[in-house]
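Beneath this line is the structure, given in structure tokens, with notes to follow.
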Amino acid sequence: MGLGSTAKKIQTLSDRAEAMYKQVKKLQQRITGLEEEMDETHTTVTRMDHQLTEQRALLLALADEQGLDGEQILADAAIEDAERDGATEPDDGSAAAEDGATDATAE
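In UniProt numbering, the protein residues as written are 1 to 107.
Have a look at this one:
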């Protein structure tokens, strides 16, 4: 009776170990898949960044050809974006406090 019970326990442990092994294998496959997707995403983002840089240079050249200050246009657009983003954030005075702390440490 004792040996039968022990054999059953060993079989149960063996079954659990096999199930866990299968889960680990699936997890390894998922991780490998995620790593491959991450590499693809990195490649895509790098390519898009390069294309964006080329487009910016082209637009600046076109603006210059038309007698426009492309850098000033981009700076104005960035300021407008920052103001629009700042308008949606609550004004609790913490930004001013942070600016003061940054200015003090920069000197």
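Glycine included, every Cβ here is placed at the ideal spot set by N, Cα and C. Keep in mind it's a predicted model, so treat the numbers as computed, not measured.
With a 10 Å radius around its C-beta and 16 neighbouring C-beta atoms as the bar for buried, classify residue i as buried or exposed.
i	result
residue 105	The predicted model places residue 105 with a pLDDT of 44, which falls under 50 and marks its position as unreliable; any figure quoted below should be read in that light. Result: exposed.
residue 10	exposed
Closest to residue i by C-alpha separation, out of the options, would be which residue?
i	options	result
residue 73	43, 84, 59	59
Problem - alpha helix (DSSP H) segments (min. 4 residues) lying fully within the region 21–93 - result: Here the runs fully enclosed are 70–88.
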